[in-house]
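Student: Mapping the sequence shown onto the working numbering, position 124 (from 1) lands on 124, and the numbers just tick up by one. I have a structure here, written as structure tokens, and I will follow up with some questions on it.
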Amino acid sequence: MYKVAVNDNFRSELSPSSDKIELMDVLSENEEAFSVIYKNKNYAIRVLKFSPGDKSIHLLINGNKYKVDLEDQYDALLKSMGIGSSGAKKMKSLKAPMPGLVLDVLIKVGDSIQKDTPLVVLEAMKMENVIKSTGEAKVKGIEVSKGAAVEKNQILIHFE
């Protein structure tokens, strides 16, 4: 059993034997673009973003944007236990883990980052510390620059 949510408002449940699953013709132009014929209508589909960790995909279908989220039985079990469907939290900002001096900012606004992407090099107690991302995100704003002194818990980077 799978739960599907489109744009956080249309929700449906599907199973491999579900009568909601119908046959369609799919022609792959490349790994990011498809042409689908469903009930004698043609749909041009482009994959804008695929996040396997979130089990979500952003699509452009005939000029309209859609976000599709998938939840399987394991996600439902984790949610029922209060754990949440993905082990990773959504990153909103990066804070300095300690006071120090910014030696380098390794990303720029608009960058899409993955888990463990190096973001900032911070010098503290005469040691260089590479601060890495804890998940996937897009850089919305950078609050510090090379050479800046920072305090513990000071916001360094904002994410979308």
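Cβ atoms here follow ideal geometry from the backbone N, Cα and C, with glycine treated the same way. As the structure is a computational prediction, the values presented were derived from the model and not from experiment.
Does DSSP classify D75 as helix, strand or coil?
Tutor: As a working mapping, residue 75 is identified with position 75 in the sequence shown. Of the three classes helix, strand and coil, the one that applies to D75 here is helix, per DSSP.
Student: Quick one: what does DSSP say S145 is sitting in, helix, strand or coil?
Tutor: For the purposes of this step, residue 145 is identified with residue 145 of the sequence shown, where counting begins at 1. Of the three classes helix, strand and coil, the one that applies to S145 here is coil, per DSSP.
Student: Let me know if N153 comes out buried or exposed under the rule of 16 or more other beta-carbons within 10 Å of its beta-carbon.
Tutor: For the purposes of this step, residue 153 is identified with residue 153 of the sequence shown, where counting begins at 1. Counting the other CB atoms within 10 Å of its CB gives N153 a total below 16, which places it among the exposed residues.
Student: Might you give, ordered along the chain, the residues of its own chain that have their beta carbon closer than 7 Å to the beta carbon of N62, omitting 5 neighbours on each side?
Tutor: Here residue 62 corresponds to residue number 62 of the sequence shown, with the count starting at 1. So the list reads Y43, A44, once near-sequence residues are dropped.
Student: So which of K3, M127, A137, M125 has the shortest CA-CA distance to I113?
Tutor: In the sequence shown, residue 113 corresponds to position 113, counting from 1. Nearest C-alpha to I113: A137.
Student: Can you tell me whether L77 is buried or exposed? The criterion is at least 16 other CB atoms within 10 Å of its CB, across all chains shown.
Tutor: As a working mapping, residue 77 is identified with position 77 in the sequence shown. Counting Cβ neighbours within 10 Å, L77 comes out exposed, since fewer than 16 surround it.
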